[in-house]
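Quick note: the sequence shown uses the working numbering, first residue 250, plus one each step.
Virtual Cβ for every residue (Gly too), placed ideally from N, Cα, C.
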Amino acid sequence: MGFIRAKKRLIIALLVAILGIAGSWFGWNWWASQKEKEVVFFQEMVDDFGEKVTVSKKPEKIVSLSPSNTEILFAIGAGDKVVGVTEYCDFPLEVLKVDKVGGFSTPNIEAIVAKSPDLVVAAYRTGEENIQRLKELGLTVIALHPESLQDVLGNITLVGKATGYEEDAEKLVKRLQEKINLIKEKSESIPEEKRPRVLWLMWYPELWTAGDETFFHELLLIAGGKNIAHDLKGWKIISREIVLARNPQIILCSSMGGKQSFLPQFLNDSQLAHTEAVKKGQIYELDPNTIERPGPRIVDGLEAISSYILETGG
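Written out as structure tokens, the structure reads:
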């Protein structure tokens with residue numbers, strides 16, 4: 250009996266030793282994997298200002314300095330990491346609960362620094378001087394300045410990489426690209442002679458419009474329209490004489506900044522009443538926050554433009 254008890258004790262001791270070794274091995278591996286996760290996040294990228302940016306830690310606190318940047322962050326799932334936004338950031342609704350850190354082109358540097366952000370996502374209108382100041386204060390900054398629809402998709406990918414939401418960003422870009430491709434397929438079926446003449450109007454009574462080298466010009470072409478201001482560069486005032494001579498079939502209004510619709514006054518304009526667009530009631534008001542912000546929702550704006558063009562028989 251004594252031999253049997255001794256044998257049992259030996260077996261138990263061996264089991265305890267084996268379990269101890271196994272536990273230590275698994276414990277070590279768990280600790281090592283956790284440490285690996287901490288050091289694995291190391292991203293190097295070049296932003297739209299041509300600056301090389303290194304993000305050596307997955308950001309837990311992010312400050313966004315433009316409405317479009319904020320929309321990108323929330324769209325890829327990083328919204329709960331956003332601790333500061335501009336006074337103009339209002340979408341999605343959760344943004345309204347986030348602390349404000351100044352205006353679009355007038356960021357409050359002290360308020361930003363007080364947030365101790367791991368990452369600041371700036372924009373062209375933030376201003377190079379402000380961006381440089383933030384960097385001098387030791388903050389990691391990436392600056393975005395998209396100039397085309399593909400640039401917007403590229404910015405989504407860039408923000409995903411910088412924040413650790415790369416896979417979510419890739420999925421979003423894929424969905425948006427599929428929508429764009431579908432719109433292109435529809436517009437390519439419109440014969441050149443049937444593509445409607447379009448005026449994009451952003452202000453009234455001065456007729457501010459979008460010429461070549463603007464997002465709006467590109468969106469019109471993708472949707473299958475002809476921009477009557479194609480020979481202008483950037484944002485320009487187009488004369489009433491030219492508008493009447495080129496006789497737009499569709500007029501799109503986006504009320505620059507969305508502060509107040511000018512459509513009621515525009516519809517009472519006796520001169521522009523002679524255009525085909527006014528005569529046929531083919532005047533459409535677009536949500537400026539959707540169409541003017543170079544973020545994910547700009548594709549929704551493109552879909553709206555496409556529907557108006559197809560609706561007119563284009």
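Around the beta carbon of Q520, a 10 Å sphere encloses fewer than 16 other beta carbons of the protein chains shown; the residue is thus reported as exposed. For K428, the uninterrupted alpha helix (DSSP H) segment begins and ends at E415 to E437. In the DSSP assignment, A392 falls within the beta strand (DSSP E) that extends over V390 to L393. In this structure, V312 keeps its C-beta atom at 7 Å or more from the C-beta atom of G299. N379 sits in a helix when the DSSP states are folded into three classes. For I405 against I471, the beta-carbon gap comes to about 18 Å, at or over 8 Å, which does not count as contact. The region 547 to 559 and the region 427 to 444 touch, with three or more beta-carbon pairs separated by less than 8 Å. Exclusion of the five residues before and after K475 leaves R444 and R446 as the residues of its chain whose Cβ lies within less than 6 Å of its Cβ. Residue E552 holds the alpha-carbon nearest to the alpha-carbon of K428 among T303, E552, D297 and V289. The three-state reading of DSSP puts G333 in strand, counting E and B together. Cβ-Cβ distances below 7 Å link G376 to S354 in the same chain, with the five nearest sequence neighbours on each side left out; the list follows chain order. Non-local beta-carbon contacts of K529 in its own chain, meaning distances under 7 Å to residues more than five positions away in sequence, are absent. The C-alpha of L469 is placed about 15 Å away from the C-alpha of E442. Contact between the region 292 to 309 and the region 375 to 391 is present: 3 or more CB-CB pairs across the two stretches fall below 8 Å. Judged by DSSP in its simplified three-state form, T458 adopts strand.
Residues K301 and V302 of the same chain have their beta carbon placed closer than 8 Å to that of V295, with the five preceding and five following residues left out of the count.
Where A522 is concerned, there is no enclosing beta strand (DSSP E), because DSSP gives it neither an H nor an E. Across the structure, D367 and E309 are spaced so that their CA atoms are roughly 7 Å apart.
The three-state secondary structure of A478, taken from DSSP, is coil.
Beta bridge pairing from DSSP links I405 with no other residue.
With respect to the C-alpha of E541, the residue from D297, E490, G413 and Y337 having the closest C-alpha is Y337. Collapsing the DSSP output to three states places Q292 in a strand.
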